[in-house]
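Protein chains in written order, with the numbering used here: chain A, 37 to 793; chain B, 37 to 793.
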């Protein structure tokens, strides 16, 4: 690595008096280093004009609202100009604020960005404008917490590095929920190329599923400048459930190092998307068996992947534990360059489901990996599955001294030996063979822990509050009692409704995770155009009640449950178990569940429920019709339920666009009965179930009667659709179309029974 | 009329001391009438429990937030229980509040509902719940001002009358902007039928165009109970620009009286939609030549339309000055009942463009008017036009003693004489022949003026602030100067931009009507995903500038001008004159103007402007894709402009649904040149101009070259589309489809030149 900042880094927070004392003691060069304690923006701007090398500006504790911090100056090596907090963590930069640095030898520390969002496109930028960047500068111990644009799909960036020799370390970066990569290194002008930045010891906290492109946590470069070297070191960072999209890190430049980072239960992969000669070593991936957890994806020339550890990764296809891609011959800069001179050695792949070689092979991507090595890797899987998928000729890869256990060696190459081994967890938290087998990650692999990253003075909170984790509150059928109870409940609480008829005259606004549970015979009617409105921060589990739409207004477009008309930054969860819906027919287009644009469900679960006499759709998840690759829900899972006389579709589920940035949506329907579904004249799709761009579909064990056909439009990616073991009575078999590829339909439609009555 | 409340009504506001004095003087029966002065909701509820006939509750001056007023009690004739304000107009009911009355002989006065919205579906309801209504009760001198649901398309009702013998008078009801009839009389249970309500001297202030169904100002009944008599009297009210939708008043019950109301420049008609034996007399309609101003539409049996005055009404078709419909034989209750025994006498129709007879005649509506009379009407039109359109056999109407001037008598019937007459404006503001001609409205017609309605203590404000009506402010190209100027400007101000390059790094949020005008050479680029965001209350006139998209983020879906992602209650205006757009191509789907769902433009005007290199559409007005009959703009007018290399359509303009409740949208394109428009692969319509459900289209005098065809989908109503005198070079002729009627295309496509190069 290059000329990063070398001063020793004190992990302990330092009080103002401590700082002043430190300044007094060490502020030797130049002799007159000053500390400016400022209490408002005017004082800050005045101080800024006077700064000389070694000087420090201290922001007073408290909330600084709407503060666009321009920190520009010229420090010297060993005598930076500093901006810090009176007390780290007690200076809150809120409202519409941001930080821009330009100059030399600057240091910023101790600030917290929360309760607001940047008015420009960046929260922290290592430049003031296109001409003025920062060099030899450091941002450390800064927090950015849920500092999101109000609109989920509005794009911005939390940290953008320009210039050279900058360091970004020990920061806490959590809860980005709107579109745009969390942090990026730009190489867009010469003054930002071959930059020798260091990005280390940062806590990249949970980033929820974005549900579209633009959810990467870290990107180095862009395709346009990807043949330029960056010389950026990314080390000892902790990526905690960085689930934004299918790239956790998108490397798009050359000669970078990714070392000793921990990826904790994060969907997606560290992707060597563009650029050559990068080193990926000592990284640890814990998948914990979660869906779509991946490892490393290798593209381009000269990549070294060594001594990495992957455990419990369930990712498939391009999102596997280890993926070596095919390239495009003479690839344009923004397509796939051939893998060449790759060295993949001493990696451990433990209980990880997929290793993909020559992945993506097709008519365009026909350049197979060459001059590469795959050696001394350890591949172990408890259930003995065949983890390898080989899509093309891999004779350009030299396989040697790999150990596979307990499975038999693969048949596509030599260089694997199989051996029954036992694993034990070592001091560093990783699994190793009980005895040395000469393969896999090294014993001394330094595993970066959560505690070693970010700052000690800011909590690393869990992102989700579980249903039923709070109090239980009894509610009776008095007027307004349910409304009041919903308003007063705390996150995680359960409202238990006593037997009775509940006439609800106001919207029940769900702003927190709540459970509403009927005890006895609970009948609910409602007088507004919806019964429940899930607002930002809300999630709902509804169980044991009957809901009739008969008192709803004579109005087209009512719904029982709808999401906020405003953008929801937080993903929500909706569970409906043992709920019985009827009389959704006072006017046309009465939907049961209707998702608004700009809202996203992590999961919608329906079980043991019934839906009768609905003039609209049961689930309307099709509001992202702009075809920007955005959609409304990640997992929709329905089991053991009854749908009868539904004029619209059971579900309209839409994921438009043609980018391949998301794992979802997913749809599963099992053990259910559909009767007279989809036949209404306003049902545009003319389908009982309408899936457009859904990535994973499983429809099995259902009875579908007197209904319109199922319609599955595949648009992009390699969607997996299975419709098996169903009974279709007086209902056509499903239709499947490949809208963009022009290929033959790929849905598996088999073992279904077809009857006429 | 029936047993309305007979006590004399004091127009003067009365102070608390005056009230107390009055109570002391007149509070004789029962002897112990009390006044309860209450300062908060608890005191109010305590007082309520103690009320006896003759008692008064006085709300203290000030803001009462989130106050759901239940006013329930049993007064006596001559000794009502009253609820009033300490000072009329100084008691502000705000936040989530409403008023429900139930009982007998109640009186409410002096309150102002503003700065909030009802949490239930009604602001003022003459019932507490389905079982408890109010009778013999009065709401007077109450204001409801812009008390709208935050969501434009959320349905609610401001005043809902239930029970019997109630009076609603001298109220000020202005600015309803969300969906739902402003005021309605319900007949849904026996206790609310034959109700003898009186609705009088109310000021129904401006109601802007809703852009969908649900914008009526007053409705009496519903189709379901329309054969029931209501005996409601609607008199001396002032309807000021009641433009919500095509019915100003929708009568849907029997034996009502509409008398001496003034309709000032209101789009739509007083519609006898359902129910028989109603009397419409002495009403005055001033159209002022505004688009879609109408008069009276006659349907059903036994309607008397006499002594009404219509002037300057420009409405066409069902929205004409006087429309007599055909019915459906044996009509279902919700279709059109035959006109029978109609008496249409002594009406004046002055400079009003359309009288329609047997209107709506078609295969279904084949029952012509019978046993009817059309006599002693005066029809005068300055420009001598033939105002009559007769669609079917009108021999069932006896025409007699009508005077028409200066036109020749119509040829479909006798009973008209033509005479050259001169009109003069009389004391009452109406035009009459200089000498008595024995036809037309009576000389003594009592014209209700604005001042006679509502209350004296609340202003009747103009709804629109004009562009250029404020200050002029000079702005230079310094960073943030334009942003700051936009933030600081007042409504109506003009920002004059000096020559220079403006790099705009933040959204320019337009919250007021503003003009932005370039002086000299003004070049603007922007770094966020949009340059301008028009927010609620904002309107923009932009002129004399050049705008490039080259600095916009590498992000799909950018726009130069977009509307609020949140619902906009206020309709906006957008004018673009002499503005030159280029480089809208940093990523795909870059639109120039993009309207969000829930936002509505009264008008969008583009003139003398150019649009080059656009990857999206120039105008995206297609976000109301739910097919609820909602749309994004009323008038889109483009002239003398250039469109070059536009991958999307010039405009995607969408009005879905099949209801006939709106006059718009309207589209006009003249004198413009289109080159390479519509050919992008993401342009779903594959059209250069995509109009769906547009009601009025005029495309003439344009040159359209190397472009996709124009696509016009007619969906509902009798849309008028004319595409004439254009030159199509290497571009197919327009396509027109009738999507629902199954009829032949009706667009007029003629006198166009077609060339291959």
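Glycine included, C-beta positions come from ideal geometry on N, C-alpha and C.
Collapsed DSSP secondary structure at residue i in the structure displayed
{"i": "residue 488(A)", "result": "helix"}
{"i": "residue 621(B)", "result": "coil"}
{"i": "residue 519(B)", "result": "helix"}
{"i": "residue 261(A)", "result": "helix"}
{"i": "residue 494(B)", "result": "coil"}
{"i": "residue 183(A)", "result": "coil"}
{"i": "residue 463(A)", "result": "coil"}
{"i": "residue 792(A)", "result": "coil"}
{"i": "residue 598(B)", "result": "strand"}
{"i": "residue 633(B)", "result": "coil"}
{"i": "residue 77(B)", "result": "helix"}
{"i": "residue 412(A)", "result": "coil"}
{"i": "residue 376(B)", "result": "strand"}
{"i": "residue 108(A)", "result": "strand"}
{"i": "residue 84(B)", "result": "helix"}
{"i": "residue 787(B)", "result": "coil"}
Where residue i falls, given that 16 or more other Cβ within 10 Å makes a residue buried
{"i": "residue 486(B)", "result": "exposed"}
{"i": "residue 463(B)", "result": "exposed"}
{"i": "residue 461(B)", "result": "exposed"}
{"i": "residue 766(A)", "result": "exposed"}
{"i": "residue 348(B)", "result": "buried"}
{"i": "residue 357(A)", "result": "buried"}
{"i": "residue 586(B)", "result": "exposed"}
{"i": "residue 760(B)", "result": "exposed"}
{"i": "residue 780(A)", "result": "exposed"}
{"i": "residue 399(A)", "result": "exposed"}
{"i": "residue 790(A)", "result": "exposed"}
{"i": "residue 775(B)", "result": "exposed"}
{"i": "residue 456(A)", "result": "exposed"}
{"i": "residue 474(B)", "result": "exposed"}
{"i": "residue 368(A)", "result": "exposed"}
Per DSSP, the bridge partner or partners of residue i
{"i": "residue 797(B)", "result": "Not covered by the structure: residue 797(B). The range shown for chain B is 37 to 793."}
{"i": "residue 227(B)", "result": "The partner list for residue 227(B) (beta bridge, DSSP) is empty, contrary to what the question assumes."}
{"i": "residue 205(B)", "result": "176(B), 236(B)"}
{"i": "residue 639(B)", "result": "609(B), 671(B)"}
{"i": "residue 728(A)", "result": "690(A), 749(A)"}
{"i": "residue 734(B)", "result": "704(B), 758(B)"}
{"i": "residue 695(A)", "result": "Per DSSP, none; premise fails for residue 695(A)."}
{"i": "residue 425(B)", "result": "392(B)"}
{"i": "residue 142(B)", "result": "117(B)"}
{"i": "residue 680(A)", "result": "648(A), 711(A)"}
Integer-rounded CB distance, given that residue j should sit under 8 Å from residue i
{"i": "residue 513(A)", "j": "residue 664(B)", "result": "Not a contact, Cβ separation roughly 33 Å."}
{"i": "residue 164(B)", "j": "residue 144(B)", "result": "About 14 Å; that fails the 8 Å criterion."}
Worksheet item: Which ranges does the alpha helix (DSSP H) cover as unbroken runs of at least 4 residues, wholly within the stretch 297–374 of chain B, from first to last along the chain?
Response: none
Worksheet item: Where in the stretch 550–582 of chain A do unbroken runs of the alpha helix (DSSP H), each at least 4 residues long, occur, reported from the N-terminal end onward?
Response: Within the stretch 550–582 of chain A, no complete alpha helix (DSSP H) run reaches 4 residues.
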